[in-house]
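> Shown below is the structure under consideration.
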Amino acid sequence: MDALPRSPLEAQPDQTALELLIEFRARYPDRYTSGIRALQRRVKVWRREAVQRLICEMKDVTHDVTTAC
355 MDALPRSPLE AQPDQTALEL LIEFRARYPD RYTSGIRALQ RRVKVWRREA
405 VQRLICEMKD VTHDVTTAC
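Just so we're aligned, residue 355 is where the sequence shown starts under the working numbering, counting upward by one.
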């Protein structure tokens with residue numbers, strides 16, 4: 355399994371790895387033959403990166419209130 359298609363996760367980030375695997379196997383029966391564990395690890399990494407992006411975005415729109423005035 356090379357790259358995890360990001361659009362299903364971005365569209366429905368609360369999907370479990372098992373739900374994604376079922377969907378991927380239906381779409382690409384010859385490509386997704388590996389087990390659930392590999393996909394679980396990839397989903398975990400994707401979610402960690404998504405949280406980091408959100409944190410960075412929040413830092414960009416907020417300011418340090420301790421230095422105000």
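Just so you know, even glycine gets a beta-carbon here, dropped at the ideal spot from N, CA and C.
Fair warning: this is a prediction, and the values are worked out from it, not measured in the lab.
Around the Cβ of residue 405, are there at least 16 other Cβ atoms within 10 angstroms (buried) or fewer (exposed)?
When all chains shown are included, residue 405 counts as exposed.
> Use the C-beta contact count for residue 399: other C-beta atoms within 10 angstroms, 16 or more gives buried, fewer gives exposed.
Burial call: exposed.
> Determine whether the beta carbon atoms of residue 383 and residue 374 lie at a separation below 9 Å.
Cβ atoms of residue 383 and residue 374: not closer than 9 Å.
> Can you round the beta-carbon distance between residue 365 and residue 393 to whole angstroms, since I take them to be within the 8 Å contact cut?
The Cβ separation is near 16 Å, so there is no contact.
> How big is the Cα-Cα spacing for residue 423 and residue 411?
Bear in mind that the predicted position of residue 423 carries a pLDDT of just 42, short of 50, making it unreliable; the figure below should be weighed with that in mind. Going from the Cα of residue 423 to the Cα of residue 411 covers about 24 Å.
> What are the boundary residues of the alpha helix (DSSP H) that residue 381 is part of?
Counting along the chain, the alpha helix (DSSP H) containing residue 381 begins and ends at 371-381.
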